[in-house]
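Quick note, in the numbering used here, the sequence shown goes up one by one and the last residue is 263.
Even glycine gets a Cβ: it sits at the ideal position worked out from N, Cα and C.
What follows is a short report on a single structure.
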Amino acid sequence: MANYYLAVCTNGHLIDSEKAEDVSVQQIKIDEPVTSQQVINPDYAAPYAYCPNCGGEVRTTCPDCHHHIQTEYNGPPYPGKDSIPSYCHGCGESHPWTSTVEAQKQRDGDFIDIDDSKIDGQFYPALVYEINLCYKTKADHAVLVLNRKLIESLTIDILRATNGMEAVDLWFDTENSITLPLSTLIENLKSQREEIKKYGPTLDEAFFRAVEKLKYRGDASAHSVEEHPLRGDLKEQSELATTVAKILFRLRTEAKTAHRK
Numbered sequence: 003m004a005n006y007y008l009a010v011c012t013n014g015h016l017i018d019s020e021k022a023e024d025v026s027v028q029q030i031k032i033d034e035p036v037t038s039q040q041v042i043n044p045d046y047a048a049p050y051a052y053c054p055n056c057g058g059e060v061r062t063t064c065p066d067c068h069h070h071i072q073t074e075y076n077g078p079p080y081p082g083k084d085s086i087p088s089y090c091h092g093c094g095e096s097h098p099w100t101s102t103v104e105a106q107k108q109r110d111g112d113f114i115d116i117d118d119s120k121i122d123g124q125f126y127p128a129l130v131y132e133i134n135l136c137y138k139t140k141a142d143h144a145v146l147v148l149n150r151k152l153i154e155s156l157t158i159d160i161l162r163a164t165n166g167m168e169a170v171d172l173w174f175d176t177e178n179s180i181t182l183p184l185s186t187l188i189e190n191l192k193s194q195r196e197e198i199k200k201y202g203p204t205l206d207e208a209f210f211r212a213v214e215k216l217k218y219r220g221d222a223s224a225h226s227v228e229e230h231p232l233r234g235d236l237k238e239q240s241e242l243a244t245t246v247a248k249i250l251f252r253l254r255t256e257a258k259t260a261h262r263k
């Protein structure tokens with residue numbers, strides 16, 4: 003593993019890299035009781051003062067401790083952008099481009115495009131917010147797992163609101179004191195379609211196919227079965243999740259309102 007010095011602009015563009023052993027060095031003794039040496043590298047300089055890509059200032063040292071920006075790398079031919087460190091090896095402070103790079107990692111938009119201010123209570127607005135936050139920060143497996151949790155929770159609420167506690171077996175295993183599996187909850191929701199349709203949109207086969215797709219992706223992500231979701235695929239999941247969530251939220255609201263009267 004070789005040690006490289008890097009020149010990086012303040013916006014995180016890699017300008018240059020050079021092996022430390024190839025840089026002309028000057029050794030200065032440290033005034034300590036034991037004999038030791040500190041290697042400094044005054045001769046390493048970037049080929050540009052400003053980035054040719056964005057115009058940002060090019061740095062070769064940490065602005066806080068002036069330690070050289072460096073990384074360990076073992077591969078042909080030279081370190082790439084993935085080798086740029088976020089923090090200084092000398093003092094531990096974050097480099098100037100860290101906040102810029104982190105901001106660029108953010109994804110625009112929401113996974114579930116719904117106005118959570120219109121959702122009553124605290125649990126569901128917080129859950130929708132968490133799903134969308136994970137989506138923005140590209141924690142994609144967490145998005146799919148949490149969305150599965152949203153579907154499960156809404157299904158239980160709808161079954162409870164439309165049937166009452168006397169039908170608790172529709173969503174709860176009283177013998178073992180656990181919630182029924184989501185697959186069973188979905189089947190029970192299907193069996194209650196005639197009762198449920200009076201409260202809102204009809205739960206047709208297209209709806210249940212969408213629910214099954216989202217359930218499968220949530221299961222796969224929870225058990226590390228699938229690879230990192232592709233951008234186009236995640237967009238499709240987002241559209242399905244938004245449609246399913248809007249239908250389930252509407253049914254939940256209408257059913258709860260009807261049974262309060």
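Same chain, Cβ closer than 8 Å to residue i, five either side skipped, listed in chain order
i       : result
Val-213 : Ile-153, Ile-188, Val-246
Glu-132 : Leu-148
Trp-173 : Thr-157, Ile-158, Leu-161, Arg-162, Thr-181, Leu-182, Leu-187, Asn-190
Strand pairing of residue i, partner residues [DSSP]
i       : result
Asn-5   : Glu-74
Val-60  : Cys-11
Ile-180 : Asp-175
Where residue i falls: helix, strand or coil (DSSP)
i       : result
Phe-210 : helix
Asp-175 : strand
Lys-21  : strand
Thr-259 : helix
Tyr-46  : coil
Ser-101 : helix
Ser-1   : A question about residue 1 goes unanswered here, because the residues of the chain that appear run from 3 up to 263.
Tyr-52  : strand
Tyr-80  : coil
Leu-253 : helix
Leu-205 : coil
Own chain partners of residue i with C-beta closer than 7 Å, once the 5 adjacent residues on each side are dropped
i       : result
Ala-257 : Ile-160, Ala-163, Thr-164, Tyr-201
Val-170 : Thr-176
Cβ-based neighbour list, residue i, same chain, cut-off 6 Å, excluding 5 preceding and 5 following
i       : result
Pro-98  : Thr-12
Lys-83  : Leu-16
Lys-140 : Arg-109
Beta carbon of residue i nearer than 8 Å to that of residue j
i       : j       : result
Phe-209 : Ile-121 : no
Arg-150 : Gly-220 : yes
Thr-62  : Ala-51  : no
Arg-254 : Leu-148 : no
Ser-88  : Ser-96  : yes
Lys-217 : Leu-182 : no
Tyr-80  : Ser-19  : yes
Leu-236 : Lys-215 : no
Contact with chain D by residue i, beta-carbon distance below 8 Å
i      : result
His-70 : Considering every chain present, this structure includes no chain D. It has just one protein chain.
Subject >> At least three beta-carbon pairs within less than 8 Å, the stretch 85-96 to the stretch 115-122 >> reply: No, they do not touch.
Original post:
Taking one C-beta from the stretch 65-82 and one from the stretch 7-21 each time, how about it: are there three or more such pairs within less than 8 Å?
Top reply: The stretch 65-82 vs the stretch 7-21: in contact.
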